[in-house]
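Here the structure is laid out as structure tokens; the discussion comes afterwards.
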Amino acid sequence: MSHQRLSVHDLDPAATQAVLGLEKYVRSSGLDNQLYELVKIRASQLNGCAFCLDMHLRDARAGGEDQRRLDVLSAWREASDLFTEREQAAFALTEAVTLISQDGVPDDVWSRASASFDDKEIVHLLMAIATINVWNRLAVSTHQALPPQS
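Every letter in the sequence shown is one number past the one before it in the working numbering, and letter 77, counting from 1, is 59.
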């Protein structure tokens, strides 16, 4: 395991507070919390963020998410019967936005999201995806240490 390089929060609590402002917005936006946890997990899988995976998998389980769905989330296309169309549209958008340098957000991904979410919900989903990507980038770049196992 890598040694943590620095603690953003300890060195500049205002930096953490700025991202917490995004988090507070998303949590108050009306986006379904179960979907938000799945989006955070999927983005964190793509970004290889152990700290966020550890946190959000625990949070999802505590919130009643089915372990089988969590187990196969990274292969959701192969297990599409376990996820609603709305969830699948959110996962596709999460992947496109998280990996935006590869293909941008293709029209088919956008169309699928638009068929499942209204415009305001898409804004909320985009903010959720952006927020977890900020957290992932901070944690991965600093090698943020996992909390002690409870």
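Glycine included, every Cβ here is placed at the ideal spot set by N, Cα and C.
_Going by beta-carbon coordinates alone, are Leu128 and Phe65 separated by less than 7 angstroms?_
Position 146 of the sequence shown, counted from the first residue, corresponds to residue 128. Position 83 of the sequence shown, counted from the first residue, corresponds to residue 65. For Leu128 and Phe65, no; Cβs fall outside 7 angstroms.
*Is the beta carbon of Arg24 within less than 6 angstroms of some heavy atom of the ligand FAD?*
Among the components modelled here there is no ligand, and therefore nothing to report on the ligand FAD.
*asked:* What would DSSP say about Val91, mapped onto helix, strand or coil?
replied: Locating residue 91 in the sequence shown gives position 109, where the first residue counts as 1. Here Val91 sits in helix by DSSP.
*Expressed to the nearest angstrom, what Euclidean distance is found between the alpha-carbon atoms of Glu67 and Ser56?*
Position 85 of the sequence shown, counted from the first residue, corresponds to residue 67. Position 74 of the sequence shown, counted from the first residue, corresponds to residue 56. Each residue's Cα considered, the two are about 16 angstroms apart.
*Note down the Cα distance separating Phe99 from Ser132, rounded to an integer number of angstroms.*
On the sequence shown, residue 99 is found 117 positions in, with the first residue counted as 1. On the sequence shown, residue 132 is found 150 positions in, with the first residue counted as 1. Cα to Cα, the separation comes out at about 37 angstroms.
*Would the region 114 to 121 and the region -10 to 2 be scored as touching if the rule is three or more Cβ pairs under 8 angstroms?*
yes
*Could you round the C-beta distance between Ala72 and Leu17 to whole angstroms and report it? I think they count as a contact, below 8 angstroms.*
Here residue 72 is taken as the residue at index 90 of the sequence shown, counted from 1. Here residue 17 is taken as the residue at index 35 of the sequence shown, counted from 1. With 8 angstroms as the limit, Ala72 and Leu17 qualify as a contact, their Cβ atoms being about 6 angstroms apart.
_Whole angstroms are fine: how far does the CA of Ala74 sit from the CA of Ser(-16)?_
As a working mapping, residue -16 is identified with position 2 in the sequence shown. As a working mapping, residue 74 is identified with position 92 in the sequence shown. Those two C-alpha atoms are separated by around 31 angstroms.
*Look at Leu28 and Thr113 and say whether their C-beta atoms are less than 7 angstroms apart.*
Numbered from its first residue, the sequence shown carries residue 28 at position 46. Numbered from its first residue, the sequence shown carries residue 113 at position 131. Going by C-beta atoms, Leu28 is not nearer than 7 angstroms to Thr113.
*Flag this pair as yes or no: are the beta carbons of Leu13 and Ala110 separated by less than 7 angstroms?*
What you label residue 13 is simply residue 31 of the sequence shown in a count that begins at 1. What you label residue 110 is simply residue 128 of the sequence shown in a count that begins at 1. In contact: Leu13 and Ala110 (Cβ atoms closer than 7 angstroms).
*Extent of the continuous alpha helix (DSSP H) to which Gln70 belongs*: In the sequence shown, residue 70 corresponds to position 88, counting from 1. Gln70 -> alpha helix (DSSP H) spans 67 to 80.
*asked:* Helix, strand or coil, according to DSSP, for Leu128 in the structure here?
replied: In the sequence shown, residue 128 corresponds to position 146, counting from 1. In this structure, Leu128 counts as coil in the three-state DSSP scheme.
*For Leu(-7), count neighbouring Cβ atoms within 10 angstroms of its own Cβ and tell me buried if that reaches 16, exposed if not.*
As a working note, residue -7 is residue 11 in the sequence shown. Flag for Leu(-7) reads exposed.
_Quick test of your reading: His125 and Arg(-13), contact by CB under 8 angstroms. State the CB separation rounded to the nearest angstrom._
The count along the sequence shown starts at 1 and reaches residue 125 at position 143. The count along the sequence shown starts at 1 and reaches residue -13 at position 5. Yes, they are in contact, since the Cβ atoms of His125 and Arg(-13) sit about 5 angstroms apart, within 8 angstroms.
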